[in-house]
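In short: position in the sequence shown from 1, add 15, done, that's the numbering used here.
Just below is one structure, and these are the notes that go with it.
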Amino acid sequence: MDPPLGLSAYQFSSNSIKLEWWGNNSESYFSGYVVFITTNSNELYVGRDSTNHFDKPYITNSTGSLPTVQVPTTTFTSKYTYEINTLPNGSNLTVGVTYYVAVSAYSASKSTFSPLSNITNITLTN
16 MDPPLGLSAY QFSSNSIKLE WWGNNSESYF SGYVVFITTN SNELYVGRDS
66 TNHFDKPYIT NSTGSLPTVQ VPTTTFTSKY TYEINTLPNG SNLTVGVTYY
116 VAVSAYSASK STFSPLSNIT NITLTN
């Protein structure tokens, strides 16, 4: 699967981050995208081209499973957005902290990921 492209992060409020990226995944086994967030950039940079990212801090969907963002397969490049309000451990985002984020395409049926998107960072302010 191809990794997402052009990931950018914006402060949406004092305690949330909005992500935007482009994706084009037409694979029949594609399920959606997984969002990763951490305060330690090494957690994302180590093994970033791997197809197994279960060791990285990822955000689950509302049912507690992956992918974070479910989307249908498409033959067109599409723009996707996602708002982060909490960390994978359930704690809130904090003003003054730098967060590193990345996104990966994901297949639930194969339990595999694409390589990570570009890794970007953002520091929340008041």
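Note that beta-carbon positions come from the ideal geometry of N, C-alpha and C, so glycine has one too.
Source: prediction; values computed, not measured.
Among the bridge pairs identified by DSSP, A120 is matched with Y48. Per DSSP, the continuous alpha helix (DSSP H) segment holding L59 begins and ends at 57-60. Secondary structure at I137: strand, using DSSP grouped into helix, strand and coil. For K125, the three-state secondary structure derived from DSSP is coil.
For the 9 Å CB-CB criterion, Y73 and K33 do not form a contact. In the DSSP assignment, G111 falls outside any beta strand (DSSP E), carrying neither H nor E.
Only residues of its own chain outside the window of five on either side were considered, and among them T127, F128 have a CB closer than 8 Å to the CB of N67, listed in chain order. A117 is positioned such that its CB atom lies no closer than 9 Å to that of G38.
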